[in-house]
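One gets the working numbering by counting positions in the sequence shown from 1 and adding 1 to each.
Note that beta-carbon positions come from the ideal geometry of N, C-alpha and C, so glycine has one too.
Written out below as structure tokens is the structure these notes cover.
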Amino acid sequence: MAVRTHWTVEHACSHSVDHDLSHRPADKRAGFARWLASKDCTDCWTAARDAGSDSTEEWLATRRAEEQEAAVAWAKQFDMPELEGPHKALDWGERSRHQLMIAAHTALVVEGTWDEADWAELEEKARDITRAGWWIDQRDADGTDLLELLDAASETDRATDNPFR
Numbered sequence: 002m003a004v005r006t007h008w009t010v011e012h013a014c015s016h017s018v019d020h021d022l023s024h025r026p027a028d029k030r031a032g033f034a035r036w037l038a039s040k041d042c043t044d045c046w047t048a049a050r051d052a053g054s055d056s057t058e059e060w061l062a063t064r065r066a067e068e069q070e071a072a073v074a075w076a077k078q079f080d081m082p083e084l085e086g087p088h089k090a091l092d093w094g095e096r097s098r099h100q101l102m103i104a105a106h107t108a109l110v111v112e113g114t115w116d117e118a119d120w121a122e123l124e125e126k127a128r129d130i131t132r133a134g135w136w137i138d139q140r141d142a143d144g145t146d147l148l149e150l151l152d153a154a155s156e157t158d159r160a161t162d163n164p165f166r
């Protein structure tokens, strides 16, 4: 029997919506449907976003500020180094690193077969990558690919004490 592709989700806003999850891997559909259930449906989310005097730009700025705050707190908690690069890329790099590391932890440790020792090794490799642009370039990568991506990073992406690199 094939894994179903259509899920009726009861959203947090109490609306039931039929979602076509055929674009997701079969083993990720149930988890994604569960995640969707914790969120408002698209119509309610859009209405809440557009409510009040907030414009789309203000909403986006608020969202980016929240993401940035979470990324900075995460980096401090897990002793991640500051990123290097153009000033305008640093915040985006921080958010990208945070999102990719969280996705990797979820896929490899929480839902996967990795133990904490495996994860600690990956974290050490991630600490070596300090170029903000590298993390921005990997922002759409799957969390399960992070170890391979870290191994493939060039020397210019890695931290160094050499001021003449």
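| Check | Outcome |
| --- | --- |
| May I have the straight-line CA-CA distance separating Ser-87 from Leu-101, to the nearest angstrom? | The question names Ser, but residue 87 in the sequence shown is Pro. Taking the straight line from one Cα to the other gives about 20 Å. |
| Sorted by chain position, which residues of the same chain lie with C-beta nearer than 8 Å to Arg-25's C-beta, five sequence neighbours on each side aside? | Phe-33 |
| Which stretch, first to last residue, makes up the beta strand (DSSP E) that contains Ser-17? | 17–21 |
| What are the start and end residues of the alpha helix (DSSP H) that includes His-106? | 88–106 |
| Kindly indicate the opening and closing residues of the alpha helix (DSSP H) around Glu-70. | 57–78 |
| Measure the C-alpha to C-alpha separation of Thr-1 and Glu-124 and round it to an integer number of angstroms. | Not covered by the structure: residue 1. The range shown for the chain is 2 to 166. |
| Which first and last residues belong to the alpha helix (DSSP H) in which Thr-47 is found? | 43–51 |
| Tell me which residue opens and which closes the alpha helix (DSSP H) that Glu-124 is part of. | 117–129 |
| Considering only the beta carbon of each residue, do Ala-105 and Gly-144 sit closer than 8 Å? | yes |
| In the DSSP output, what is Thr-9 paired with across the bridge? | Asp-19 |
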